[in-house]
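Report on the structure given below.
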Amino acid sequence: MTKNADLIHAINKELKDPDALQYGSSERFVPSYLSTGIRTLDAALAGGLRKSSFVLLTGAFSSGKTLLAQYFIKEAQKAGLVAAYLDAEKAFNQTWMAQSGVDCDKLMVSQTSRGEKAFNIVHALIRHNVGLIVIDSLAALLPTAAADADMEQQFVGDKARMINKAVEKMLDALEESRSDTIVVAINQYRKTIGGGPGTPRDVVPGGEGQTFYNHLWLKVRRAGWETVKSTKKGEKYPQKVGFTMNVEIFKSKQCIPFQNVRIPFDFRTQLDEVAAIVYEALDFGIIESHGSYYDLDDQRFQGRSKLLDYVRENPAVLDTLMVKLGDRDASGQVGGDTDDGGE
1 MTKNADLIHA
11 INKELKDPDA
21 LQYGSSERFV
31 PSYLSTGIRT
41 LDAALAGGLR
51 KSSFVLLTGA
61 FSSGKTLLAQ
71 YFIKEAQKAG
81 LVAAYLDAEK
91 AFNQTWMAQS
101 GVDCDKLMVS
111 QTSRGEKAFN
121 IVHALIRHNV
131 GLIVIDSLAA
141 LLPTAAADAD
151 MEQQFVGDKA
161 RMINKAVEKM
171 LDALEESRSD
181 TIVVAINQYR
191 KTIGGGPGTP
201 RDVVPGGEGQ
211 TFYNHLWLKV
221 RRAGWETVKS
231 TKKGEKYPQK
241 VGFTMNVEIF
251 KSKQCIPFQN
261 VRIPFDFRTQ
271 LDEVAAIVYE
281 ALDFGIIESH
291 GSYYDLDDQR
301 FQGRSKLLDY
311 VRENPAVLDT
321 LMVKLGDRDA
331 SGQVGGDTDD
341 GGE
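The UniProt record's numbering applies: residue 1 is where the sequence shown begins, and numbers increase by one.
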């Protein structure tokens, strides 16, 4: 130990940086997290979004990417952190944000679509240790050279080079400033020109740097519609009132990857956390289903709506489900009963 300590001290002195080398047990390396606002997603992520990290959030159009990011902003504000929203798509809506629980009076917003300017803002916010930055979206950022040029001019690869360099500088800023900032970058899938069978479908604009450097990559997709009987006279088709959002942990440096979390989203009431917990409990067999019947707490419910009503009306039941869902080992098994030879 003494030899290692002397070596660390000597190297740090040589580099004129007291923090260049530290022991792995140092408090500096103990992660802290920001809740996502969705308990099932927090459980899958082993605590939420890790501070001082770069999170990539991708999906097709209207899959719920921005909505999910709004919940991240709400939780950051709830934790007393400053949040910033870079709206390159010019789609910021105060009413929609407020419906998600975001306090727009405390939210910093920029609507620049010039990529270099947007990333300069991001780097400045990191240096000032802002809690959460959401970039919506990388696809909408335009290199200044392309913006100022004539329509006939071609700039192949300019956006990818800009984003790659910006991400590298962003990670450097996180490290050099010892910032706890979480940067969430949203991106949307694009079509691949001339692609044949076997061509990847989930291609994001802006190069490979964003997929290489991120600490957490969440893929969002719409997994099914939530419908009700239409109230319109003569309308025979059901009315869409929401959809089930599937969030896949596609890449992670903090938890088990390739987990999927289903989150029901109602257009009228936003994300339904209770339904998300119930769906997760059904997936893991904590709640048993038999056709249209569901068994929980020695009670049988006919129809999912009655099951959801019961859980909503009994907060203790909801907490118990979360405890059981949180008691999962690396194989994804729920519960604490193990066969240890009868001991």
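Every residue, glycine too, gets a C-beta built ideally from N, C-alpha and C.
If you compare alpha carbons, which of the options is closest to residue i?
i           : options            : result
residue 185 : 254, 222, 47, 140  : 140
residue 305 : 292, 298, 316, 10  : 292
residue 221 : 36, 135, 311, 201  : 201
residue 131 : 218, 212, 182, 251 : 182
residue 56  : 226, 219, 281      : 219
residue 49  : 189, 228, 36       : 36
residue 34  : 294, 47, 23, 171   : 47
residue 224 : 114, 64, 32, 298   : 64
residue 326 : 187, 45, 168       : 45
residue 256 : 324, 315, 216      : 216
residue 138 : 211, 270, 252, 297 : 211
residue 52  : 253, 6, 109        : 253
residue 323 : 22, 111, 113, 281  : 281
residue 227 : 15, 301, 266, 9    : 266
residue 190 : 289, 263, 58       : 58
residue 118 : 159, 104, 285, 98  : 159
residue 142 : 133, 134, 156      : 156
residue 23  : 283, 145, 8        : 8
residue 176 : 13, 151, 18        : 18
residue 101 : 110, 76, 108       : 76
residue 168 : 54, 238, 258       : 54
residue 128 : 258, 16, 285, 81   : 81
residue 111 : 290, 297, 136, 94  : 136
residue 148 : 115, 229, 276, 134 : 115
residue 108 : 26, 96, 95, 134    : 134
residue 350 : 151, 276, 103, 289 : The structure shown has nothing for residue 350, since the chain only spans 1 to 343.
Using DSSP bridges, identify the partner residues of residue i.
i           : result
residue 222 : 245
residue 209 : Note: residue 209 sits in no beta bridge, so no partner.
residue 108 : 84
residue 237 : Paired residue(s): none; residue 237 is not in a bridge.
residue 217 : 56, 251
residue 288 : 295
residue 188 : 59
residue 300 : 295
residue 270 : 266
residue 227 : 240
residue 182 : 53, 132
residue 203 : 190
residue 344 : Nothing about residue 344 can be reported from this structure: the residues present for the chain run from 1 to 343 only.
residue 114 : 142
Quick one: measure Cβ to Cβ for residue i and residue j, integer angstroms, because I've assumed they're closer than 8 Å.
i           : j           : result
residue 278 : residue 308 : 6 Å
residue 79  : residue 188 : About 28 Å separates the two Cβ atoms, so there is no contact after all.
residue 123 : residue 43  : Not quite, the Cβ-Cβ distance comes to about 33 Å (not below 8 Å), so this is no contact.
residue 121 : residue 179 : Wrong, their Cβ atoms sit about 14 Å apart, outside the cutoff.
residue 271 : residue 38  : 7 Å
residue 274 : residue 41  : Not really, about 14 Å apart at Cβ, beyond 8 Å.
residue 286 : residue 318 : Incorrect: roughly 12 Å between the Cβ atoms, too far for contact.
residue 284 : residue 294 : Actually they do not touch by this definition, with Cβ atoms about 14 Å apart.
residue 346 : residue 213 : As displayed, the chain neither begins before 1 nor continues past 343, which places residue 346 out of reach and without an answer.
residue 11  : residue 20  : 6 Å
Original post:
Any chance the stretch 205 to 212 sits against the stretch 151 to 168, with 3 or more Cβ pairs inside 8 Å?
Top reply: The stretch 151 to 168 and the stretch 205 to 212 touch, with three or more beta-carbon pairs separated by less than 8 Å.
Subject >> alpha helix (DSSP H) runs wholly inside the stretch 9 to 65, at least 4 long, in chain order >> reply: You should have 39 to 44.
Subject >> Every unbroken alpha helix (DSSP H) inside the stretch 125 to 158 [4 residues or more] >> reply: Listed in chain order, the complete alpha helix (DSSP H) runs (minimum 4 residues) inside the stretch 125 to 158 are 144 to 148.
Original post:
Can at least three beta-carbon pairs, one atom from the stretch 80 to 90 and one from the stretch 234 to 250, be found at a separation below 8 Å?
Top reply: The way I'd put it, the stretch 80 to 90 doesn't touch the stretch 234 to 250; fewer than three beta-carbon pairs between them come closer than 8 Å.
Subject >> Touch test, the stretch 25 to 32 against the stretch 66 to 76, Cβ-Cβ under 8 Å, three pairs minimum >> reply: With the cut-off at 8 Å, the stretch 25 to 32 and the stretch 66 to 76 do not touch.
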